[in-house]
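Notes for the one structure printed next.
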């Protein structure tokens, strides 16, 4: 019998589809195509966002990886940067997704925002996407974004699948003794390919991301991998010591809830400073619904952490 799980917050219910989900959100190659089309609707024009916000938005390639760099107008002195990795179940999305929101965040925080467009599964399984994120990280930390960026004040951030790649990057970097970012921000992260936590069963057929979709996502991302390394599925990491200060945002009605909570606890056990927020009644992707107070509070908490880390010295 499937557990009932926690209820969706009353203020978020009006945003749900009128018809409850009766099938997986993503069910094979056809579902990947539908998800890509759906997420493409959230892509925004670079020129339009630049005109609207006044920010300088550059498109470039870093060793073959497409990158968008957002620089607010009239920045003075050296500023911090955010390497922001988009979500999309490891199979969809792009660096143009919610471009306007990213530009406005960069302006509010007075930082440079760097958005990589990593390769997607199933065409490009692990380690392609992670390699692309590392390529852009190495470029950024070695001054690729210009002298206006303080390379000692870089935060790595990722939402959903981007959280998987961001945490995976930290597993890779700590494992080989590489330079680390100032902080890590994980937004409703996808971390565990094993799908064994209770929250993955509570939402067998969710309105948005669900268990069957998650199983398929991991299967195509890890295709050809006999032994799953921790950098591919960060929840498998045995030792999280050495991670920088980490912020984790968790929705209570999200299949990723329990793996996020466990990851936060394991970071704490390893001596890592952790700030974790679980938002009552919130489903996956709720933070984009700015009309809801819980979404505004979640985004405000995330931005406050980012501001503190970007402005930290020493």
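Numbering (the UniProt record's numbering), first residue to last: 1 to 314.
For every residue, glycine included, the Cβ atom is placed at its ideal position computed from N, Cα and C.
Compare the beta carbon distance of residue 298 and residue 277 with 9 Å and say whether it is the shorter of the two.
-> yes
Backbone secondary structure at residue 286 - three-state DSSP | Residue state, collapsed to three classes: helix.
Between the C-alpha atoms of residue 119 and residue 98, what's the straight-line distance to the nearest angstrom?
-> 18 Å
To which residues does DSSP link residue 279 through a beta bridge?
-> 251
Whole angstroms is fine: what's the gap from residue 33's alpha carbon to residue 46's?
-> 24 Å
Based on the DSSP output, what are the partners of residue 61 in its beta bridges?
-> 66
Look at the Cβ atom of residue 244, then the Cβ atom of residue 181, and state whether they are nearer than 9 Å.
-> yes
Between residue 317 and the rest of its own chain, which residues show a CB-CB distance below 7 Å, the 5 nearest in sequence each way excluded?
-> Given that the chain is displayed from residue 1 to residue 314, the structure contains no residue 317 and the question cannot be resolved.
How is residue 102 classed by DSSP in three states: helix, strand or coil?
-> helix
Would you decide whether residue 93 is buried or exposed? Buried here means 16 or more other CB atoms lie within 10 Å of its CB.
-> buried
Can you list, in chain order, the residues of its chain whose CB lies under 6 Å from that of residue 160, leaving out five sequence neighbours each side?
-> 87, 188, 190
Please check the pair residue 216 and residue 5, which I expect to be a contact at CB under 8 Å, by giving their CB distance rounded to whole angstroms.
-> Actually they are not in contact, since the Cβ atoms of residue 216 and residue 5 sit about 21 Å apart, beyond 8 Å.
Residue environment, residue 173, which counts as buried when at least 16 other CB atoms sit within 10 Å = buried
Specify the secondary structure class of residue 372 as computed by DSSP and reduced to three states.
-> Coverage of the chain is limited to positions 1 through 314, which leaves residue 372 absent and any answer about it impossible.
Where residue 290 falls, given that 16 or more other Cβ within 10 Å makes a residue buried = exposed
With 16 other CB atoms within 10 Å as the buried threshold, where does residue 227 fall?
-> exposed
Pick from 283, 184, 214 that is closest to residue 25, judged by C-alpha positions = 214
Anyone know if the C-beta pair for residue 95 and residue 125 falls short of 9 Å?
-> no
Beta carbon of residue 145 nearer than 9 Å to that of residue 158 | no
Between which two residues does the beta strand (DSSP E) containing residue 133 stretch?
-> Not the beta strand (DSSP E): residue 133 falls in the alpha helix (DSSP H), residues 128 to 141.
So does the stretch 125 to 136 actually touch the stretch 49 to 59, counting three or more Cβ pairs closer than 8 Å?
-> Under the three-pair Cβ rule at 8 Å, the stretch 125 to 136 does not count as touching the stretch 49 to 59.
Exposed or buried, what is residue 37 when buried is set at 16 or more other beta-carbons lying within 10 Å of its beta-carbon?
-> exposed
Taking the C-alpha atoms as reference points, what is the distance between residue 235 and residue 169?
-> Taking the straight line joining both Cα atoms gives about 13 Å.
What's the C-alpha gap between residue 44 and residue 179?
-> 33 Å
Nearest-angstrom Cβ-Cβ length linking residue 151 and residue 143, presumed shorter than 8 Å | 6 Å
Within the same chain, show all residues whose beta-carbon is closer than 8 Å to that of residue 305, passing over the 5 residues directly before and after it, in chain order.
-> 183, 185, 247, 275
For residue 4, does the three-state DSSP call read helix, strand or coil?
-> coil
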